[in-house]
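Below is one structure, written out as structure tokens; comments come after it.
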């Protein structure tokens, strides 16, 4: 399985731009969905079913961990690959994120092609 669509959840427009640029360069056929906080991401997920999610931790309105809690509660089926993409270097953030069975990766910003390769490999199983 390849990455068909990715939901990028990040409040920073520059980080959104970098993600979009990197994804387009990696595979221009990937559909990119954008949300600027966790609440907006949940709204999108009620309408769309991406097979990958890239999620920041520190965001206003609803942060990444609040999103993960709600995503776990509200959805029975989760995206095959959820990856945290964050500027947080804290081990406790990584440990907390990886407690969710659907979180498969934890990357430090900025998004790189290698991160997308890891995500694609995870989709292939």
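Numbering (the UniProt record's numbering), first residue to last: 1 to 125.
We put the CB at the ideal spot given by N, CA and C, even for glycine.
- Counting only runs of 4+ residues, the alpha helix (DSSP H) found wholly inside the stretch 20-78 occupies 38-45 and 64-74, in chain order.
- Annotation: the continuous alpha helix (DSSP H) that includes residue 92 extends over 91-97.
- Non-local beta-carbon contacts of residue 60 in its own chain, meaning distances under 7 angstroms to residues more than five positions away in sequence, involve 11 and 37 in chain order.
- For residue 111, there is no enclosing beta strand (DSSP E), as DSSP gives it neither H nor E.
- In the structure shown, residue 119 adopts helical secondary structure according to DSSP, grouped into three states.
- Under DSSP, residue 5 shares a beta bridge with 31.
- The beta carbons of residue 81 and residue 51 sit about 7 angstroms from each other, so the pair counts as a contact at 8 angstroms.
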